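Worksheet for the structure shown next.
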Amino acid sequence: MKRLYKGIHKFQESYFKKEEEFFKRLSEKQEPNVLFIACADSRVDPNLITQSKPGELFIVRNVGNIIPPYDAIKDKNSVAAAIELAVLMLKVTDIIICGHSNCGAMQALYKDEREFESMPHLKDWLKIASPVKETVDAFYPDYSNESRQRILEKENILAQLRNIQTYTFVAKALEDGLLYLHGWYYEIYTGKVYAYNPITENFENIVYG
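As numbered in my numbering, residues 2 to 210 make up the sequence shown, in order.
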């Protein structure tokens with residue numbers, strides 16, 4: 002915790018003081034153009050990866066960058082609430098669903114259910130992505146465990162792109178050309194980010210310029 006306290010002090014005394022006017026304007030309202038849905042993994046930092054400033058991304062992070070299909074969770078669905086806020090109130094123009102390499106959530110799909118006896122919420126949450134595992138196992142049975150893992154991580158992104166379109170207001174915004182969906186895959190050990198191309202049906206390295 003001392004490192005965090007020291008970091009707060011450094012932020013307030015250096016970065017904040019230099020950008021005080023910016024933060025004053027930022028405190029009045031937020032106008033992000035992008036809803037960025039990412040994994041809660043501590044190694045994945047959307048602002049760092051995209052070099053975005055505060056206020057530019059509306060970020061949702063959870064275990065496995067999972068989006069429950071509409072009405073999948075009857076009680077309280079914080080992901081759905083965030084999507085509603087971003088699309089209907091903030092009027093974002095783009096939604097990015099970003100998975101990543103070496104994802105612990107995707108690895109957990111292969112664990113024995115008995116390992117989740119003390120983690121019932123995590124067990125239920127991961128069940129949303131279990132159809133992805135079943136698809137990968139069915140179509141890639143002869144691949145190595147590592148190769149299947151990489152495929153699973155990417156297929157999960159595609160599954161969540163489909164899930165988010167079960168929200169009627171998202172589907173309408175897409176149909177009206179007011180909203181665009183993007184599937185990204187972040188490779189931690191290379192720093193590369195790949196975007197899904199629906200034409201080639203491949204994840205392609207994002208190159209600027």
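Glycine included, every Cβ here is placed at the ideal spot set by N, Cα and C. Every value quoted in this text rests on a predicted model; they were computed, and no experiment measured them.
From which residue to which residue does the alpha helix (DSSP H) around residue i run?
i      : result
Ala109 : 105-109
Arg44  : Arg44 -> no alpha helix (DSSP H), and no H or E assigned at all.
Leu175 : 169-176
Gly8   : 3-11
Val80  : 79-85
Lys124 : 121-128
Leaving aside the five residues before and after residue i along the sequence, list all residues of the same chain whose C-beta is less than 7 Å from its C-beta, in chain order.
i      : result
Leu89  : Phe170
Ala83  : Val61
Val80  : Val61, Asn63, Ile68, Pro69
Asp42  : His101, Cys104, Gly105
Asn206 : Lys193, Tyr195
Pro55  : Leu27
Leaving out the 5 sequence neighbours to the left and right, which residues in its chain are closer than 8 Å to residue i when beta-carbon positions are compared?
i      : result
Glu188 : His101, Ser102, Val194, Tyr195
Cys40  : Arg62, Asn63, Val64, Gly65, Asn66, Cys99, Gly100, His101, Cys104, Ala106
Asp125 : none
On a CA-only basis, which of the options is nearest residue i? Give me that one, please.
i      : options                     : result
Leu179 : Ile74, Thr51, Thr94, Asn198 : Thr94
Lys173 : Glu85, Glu22, Phe59, Ile129 : Glu85
Lys30  : Glu57, Gln13, Met120        : Glu57
Asn146 : Phe23, Glu22, Gln108        : Gln108
In angstroms with no decimal places, state the Cα-to-Cα distance between residue i and residue j.
i      : j      : result
Pro142 : Arg151 : 14 Å
Trp185 : Ile38  : 10 Å
Phe117 : Tyr144 : 26 Å
Met2   : Ile9   : 11 Å
Leu153 : Val137 : 6 Å
Ala160 : Val133 : 7 Å
Phe59  : Asp46  : 13 Å
Lys92  : Ile165 : 16 Å
Thr201 : Ile158 : 16 Å
Can you look up residue i in the DSSP assignment and give me helix, strand or coil?
i      : result
Lys134 : helix
Ala160 : helix
Ile152 : helix
Tyr144 : coil
Glu20  : coil
Glu29  : helix
Looking at the secondary structure, which residues open and close the beta strand (DSSP E) in which residue i lies?
i      : result
Glu188 : 181-188
Starting from the C-beta of residue i, find all residues in its chain whose C-beta is less than 6 Å away, skip the five residues before and the five after it, and write them out in chain order.
i      : result
Thr167 : Pro70, Tyr71
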